[in-house]
Amino acid sequence: MNTAVRELILASDSITVLTGAGISTDSGIPDYRGPQGVWTKDPDAEKLVRYDYYMADPDIRRRSWLLRRDNPARLAQPNAGHRALVDLERSGRLLGLITQNVDGLHVRAGNSESKVIELHGTMFHVVCTACGHRTTLEENLVRIAAGEDDPRCEVCGGIQKTATVMFGQALERRTLERAAIAAQVCDVFLAVGTSLQVEPAASLCRVARESGAKLVVVNADETPYDAVADAVLREPIGEVLPQLVEGLTAREA
69 MNTAVRELIL ASDSITVLTG AGISTDSGIP DYRGPQGVWT KDPDAEKLVR YDYYMADPDI
129 RRRSWLLRRD NPARLAQPNA GHRALVDLER SGRLLGLITQ NVDGLHVRAG NSESKVIELH
189 GTMFHVVCTA CGHRTTLEEN LVRIAAGEDD PRCEVCGGIQ KTATVMFGQA LERRTLERAA
249 IAAQVCDVFL AVGTSLQVEP AASLCRVARE SGAKLVVVNA DETPYDAVAD AVLREPIGEV
309 LPQLVEGLTA REA
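Note that our numbering has the sequence shown beginning at 69, numbered continuously upward.
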């Protein structure tokens, strides 16, 4: 554990965290681009989360629904990395928790919904692409179990998808604005378990740096922002995050 990073956290009044798939691997959820990543093992699997393929191909939709049904994130539990960020919030230092993940584990761990900014949405709700009607994932999985392989909207018959941002879809503007503000006004920007290759999430590191924040990258593999980071930590996330926040108390006014 890097003592200098611990000192940065102790001295900070406002820390913004960006998390990617790497923080959830200890919860049994595979990442996408790592050596054992979903897309590394099966490059064609990326088609299941591309909006154009999904909307045009019924077979892709059928496969996507089965992937949602079997997704380990449905039953996953928060790990030590998630819980460490709850401790960071309790210390009064957490300004915002931006996540590229759709697994809901930050809120399940105990972070406030008002702090968590889900850039890519959530897998636990389903939205109709035609009329916007929302239902839950579990409601639709009941229909899958009953024999429907591509459940349509019960209001208008439109194509449904999880309330996640697929490749080829734009991020929700208000969500991106909240993330950008959190990056602009923090003292420390902590990027955890993300390859920093997907935009616009990755560019939040640049926004933070240009606004004067210290940038800390915690990731097993190299990222495009390592060269400009103030610190890069390669230790396992589930070990290093608890060490960084251990014993934190609220800062005195």
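C-beta atoms are modelled at their ideal positions from N, C-alpha and C, and glycine is treated no differently.
Item	Value
Close-in-space but distant-in-sequence residues of the same chain around G215 (CB under 6 Å, 5 per side omitted)	none
Whole-angstrom C-beta distance between N179 and L153, which should lie under 8 Å	6 Å
Endpoints, alpha helix (DSSP H) assigned at Q311	305 to 313
Whole-angstrom C-beta distance between S92 and L165, which should lie under 8 Å	Actually they are not in contact, since the Cβ atoms of L165 and S92 sit about 13 Å apart, beyond 8 Å.
CB-CB length for F257 against A276, believed under 8 Å	4 Å
8 Å Cβ cutoff met for L272 and A288	no
Three-way DSSP call (helix, strand, coil) for L212 in this model	The residue asked about is misnamed: residue 212 is Ile in this sequence, not Leu. It is helical.
Nearest neighbour of R136, chosen from V308, L312, T232 [CA to CA]	T232
Segment limits, beta strand (DSSP E) that includes Q291	Here the sequence assigns Thr to residue 291, which means Gln is not the residue at that position. Looking at the DSSP string, T291 is not in any beta strand (DSSP E), and its letter there is neither H nor E.
Residue range of the unbroken beta strand (DSSP E) whose run includes T197	Where T197 is concerned, there is no enclosing beta strand (DSSP E), given that its DSSP letter is neither H nor E.
P140 burial status per 10 Å Cβ neighbour count (16 or more: buried)	exposed
Cβ neighbour criterion (16 or more within 10 Å) applied to C161	Before going on, a small fix: residue 161 reads as Arg here, not Cys. Buried, by the Cβ-count rule.
Cutoff 7 Å; reference S95; Cβ partners in own chain excluding five residues on either side	A144, Q145, P146, N147, L173
Cut-off 7 Å between Cβ atoms - residues of its own chain near Q237, not counting five sequence neighbours on either side	Y119
Opening and closing residue of the alpha helix (DSSP H) in which I128 lies	126 to 138
Buried versus exposed call for A321 [16 or more other C-beta atoms within 10 Å across all chains shown]	In this prediction, A321 scores a pLDDT of 42, lower than 50, which makes its location untrustworthy; the coordinate-derived value is nonetheless stated afterwards. So A321 counts as exposed.
Nearest-angstrom Cα separation, counted from K229 out to N208	10 Å
Start-to-end residues for the alpha helix (DSSP H) that takes in E75	71 to 79
Cβ-Cβ distance between L301 and N70 below 8 Å	yes
Whether G90 touches G261 by CB criterion (8 Å)	yes
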